[in-house]
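These protein sequence lines are chains A and B, in that order.
All residue numbers for the first sequence refer to this note's numbering, where the first residue is 6 and numbers rise by one.
All residue numbers for the second sequence refer to this note's numbering, where the first residue is 6 and numbers rise by one.
Quick reminder that beta carbons are idealized off the backbone N, C-alpha and C, glycines included.
Number of protein chains: 2
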Amino acid sequence: MYKYYSLLMISKYPSVLLENAVNEFAKLPGIGKKTALRLVLHSLKRTPEEVENFGIALINLRNEVNYCKMCHNICDNEICNICSDSTRDPLTICVVENIKEVMAIENTGQFRGLYHVLGGIISPMDGIGPGDLQIDSLVKRVQNDKLLEIILALSATIEGDTTNFYIYRKLSAFDVKITTIARGVSVGDEIEYADEITLGRSILNRIDFKAS
Amino acid sequence: MYKYYSLLMISKYPSVLLENAVNEFAKLPGIGKKTALRLVLHSLKRTPEEVENFGIALINLRNEVNYCKMCHNICDNEICNICSDSTRDPLTICVVENIKEVMAIENTGQFRGLYHVLGGIISPMDGIGPGDLQIDSLVKRVQNDKLLEIILALSATIEGDTTNFYIYRKLSAFDVKITTIARGVSVGDEIEYADEITLGRSILNRIDFKAS
Chain A
6 MYKYYSLLMI
16 SKYPSVLLEN
26 AVNEFAKLPG
36 IGKKTALRLV
46 LHSLKRTPEE
56 VENFGIALIN
66 LRNEVNYCKM
76 CHNICDNEIC
86 NICSDSTRDP
96 LTICVVENIK
106 EVMAIENTGQ
116 FRGLYHVLGG
126 IISPMDGIGP
136 GDLQIDSLVK
146 RVQNDKLLEI
156 ILALSATIEG
166 DTTNFYIYRK
176 LSAFDVKITT
186 IARGVSVGDE
196 IEYADEITLG
206 RSILNRIDFK
216 AS
Chain B
6 MYKYYSLLMI
16 SKYPSVLLEN
26 AVNEFAKLPG
36 IGKKTALRLV
46 LHSLKRTPEE
56 VENFGIALIN
66 LRNEVNYCKM
76 CHNICDNEIC
86 NICSDSTRDP
96 LTICVVENIK
106 EVMAIENTGQ
116 FRGLYHVLGG
126 IISPMDGIGP
136 GDLQIDSLVK
146 RVQNDKLLEI
156 ILALSATIEG
166 DTTNFYIYRK
176 LSAFDVKITT
186 IARGVSVGDE
196 IEYADEITLG
206 RSILNRIDFK
216 AS
């Protein structure tokens, strides 16, 4: 009963404007009503200009966002900075789920090819099929650009494996090398704490010591 | 060094619009760059109308927010719903730090008087002195409205006690009863796990069993 009261705590707002702002914040993932109220009350302590900058930045992004015509990464022009970079290798394409992975791989500094952002992963449970992803445009790129290698860099989950397999089948008719990123024990991890499947894969996919 | 890379992960954004939105989100308390990116990418999956509603709700709140002329609670009019409710006792005022506490006390359903929102608590470490709070207007209310009782409902912290004492000194010249909310063992808590100070206070402030 006392727990019930604390749930009710945020049910009465003294102002409709306040209630609207809290409800809008609470629609974001991972933000409940209590956090939303905290963020809204913080906004009231900021200057009107600061709050306006915040709202406008988000509205502008949503209204003016562009996706690269080649790789479907977010960008400000027709073609993104990576695709238009002539120093990069245009014949190797790394297939990723979302722009977060592009940023992560870019920050390793280990990849100088181009990307292809699927915009998701095949997940029947979430109602996402191959048609919802940028797979057809990937096939077109392979067909038109005579690519040498496609690197599949999707999550090591059932959905990732399904998507890998679907893309592999779609591309198997073309003369392109298809690889996936290596799965193995993380750098810095101790062998005894690695999970069995990862450790097993890292043994199966062992590489020549001189090449490592 | 590898940790360093993961910190860098969010340093390169493919779009200026995206970067602006992430930076604005990351200015909110408790939201880092990674969470900000997650929230911004979620916003891109919403309709432009939904994102606009979110931004506008916050901007409208900030620009049009009103504070009650009497109790300084947030409200939509000159006087808030609580202060203008004629069924409530206008001679008993509960002094609280912020509107969150008003909402919490309202939801207990145990208080039928009015409120006075200080807008903070005396905290020299944060540079907040009595002049930054709505204490003078509280003194005026006591003076003009011939109040019967002031209930101090501030946090049981050093800052709360300091503020209580400051208000007590300011009001001691007036013929008004000054009380503080009871400190004691929480309902549902076991005695053996209560902290010593709380348990000590709850013994000192014991009440007649028949009155409980």
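- Annotation: Ile140(A) to Leu152(A) spans about 15 angstroms, alpha carbon to alpha carbon.
- Excluding residues up to 5 positions away in sequence, Ile126, Leu159 lie with their Cβ nearer than 7 angstroms to the Cβ of Gly165(B) in the same chain.
- For Val101(A), the uninterrupted beta strand (DSSP E) run begins and ends at 97–101, by DSSP.
- Look at Lys74(B): its C-beta is not under 9 angstroms from any C-beta on chain A.
- Under a 10 Å Cβ-count criterion, Tyr173(B) is classified as exposed, with fewer than 16 other Cβ atoms of the shown protein chains found around its own Cβ.
- In terms of beta-carbon proximity, Lys182(B) stays away from the interface with chain A, with every pair separated by 9 angstroms or more.
- Using a CB distance cut-off of 9 angstroms, Tyr173(A) does not count as an interface residue toward chain B.
- In the displayed model, Leu157(B) falls within a strand according to three-state DSSP.
- In this structure, Ile202(A) keeps its C-beta atom at 9 angstroms or more from the C-beta atom of Thr184(A).
- Around the beta carbon of Gly134(B), a 10 Å sphere encloses fewer than 16 other beta carbons of the protein chains shown; the residue is thus reported as exposed.
- Runs of alpha helix (DSSP H) with 4 or more residues, each lying fully within the region 85–129 of chain A, are found at 104–113, listed in chain order.
- For Val192(B), the number of other beta carbons within 10 angstroms of its own is below 16, and it is reported as exposed.
- With its beta carbon less than 9 angstroms from one in chain B, Arg51(A) belongs to the interface.
- Note on Leu23(A): 16 or more other CB atoms within 10 angstroms of its CB, so buried under the neighbour-count rule.
- For Cys99(B) against Phe116(B), the beta-carbon gap comes to about 6 angstroms, under 8 angstroms, which counts as contact.
- Residue Gly189(B) holds the alpha-carbon nearest to the alpha-carbon of Ile212(B) among Tyr18(B), Gly189(B), Ala41(B).
- Not a single C-beta of chain B is nearer than 9 angstroms to the C-beta of Val100(A).
- When the beta-carbon positions are compared, Leu63(B) and Val70(A) stay at least 9 angstroms from each other.
- Ile79(B) sits in a strand when the DSSP states are folded into three classes.
- Taking C-alpha positions only, Pro129(A) is separated from Leu123(A) by approximately 16 angstroms.
- It is roughly 7 angstroms from the alpha-carbon of Leu96(A) to the alpha-carbon of Gly118(A).
- The region 161–195 of chain A contains, as complete beta strand (DSSP E) runs of 3+ residues, the segments 182–185 (chain order).
- Per the coordinates, the alpha-carbon of Glu195(B) lies some 15 angstroms from the alpha-carbon of Ile208(B).
- At least 9 angstroms separates the CB of Glu83(A) from every CB of chain B.
- The residues Asn71, in chain order, have a CB closer than 8 angstroms to that of Asp81(B) in the same chain once the five nearest residues on each side in sequence are set aside.
- DSSP links Ile133(A) through a beta bridge to Ser128(A).
- Under the 9 angstroms criterion on CB atoms, Pro95(B) is classed as non-interfacial with respect to chain A.
- The three-state secondary structure of Asn210(B), taken from DSSP, is coil.
- Closest in C-alpha terms to Ala178(B), from the list Met108(B), Asn210(B), Val144(B), Glu197(B), comes Val144(B).
- Here the alpha carbons of Leu46(A) and Ile104(B) stand approximately 9 angstroms from one another.
- Contacts with chain A at 9 angstroms (Cβ-Cβ) include Ser20(B).
- Membership of Lys50(B) in the alpha helix (DSSP H) is indicated by the continuous run 38–50.
- Counting only residues of its own chain and dropping the five nearest sequence neighbours on each side, Asn210(B) has a CB closer than 8 angstroms to the CB of Ala187, Arg188, Gly189.
- When DSSP states are grouped into helix, strand and coil, Tyr198(B) belongs to the helix group.
- Approximately 6 angstroms separates the beta-carbon atoms of Arg67(B) and Ser48(A); this is inside 8 angstroms, confirming the contact.
- Contact between Asn58(B) and Glu29(A) is confirmed by a C-beta separation of about 6 angstroms, below the 8 angstroms threshold.
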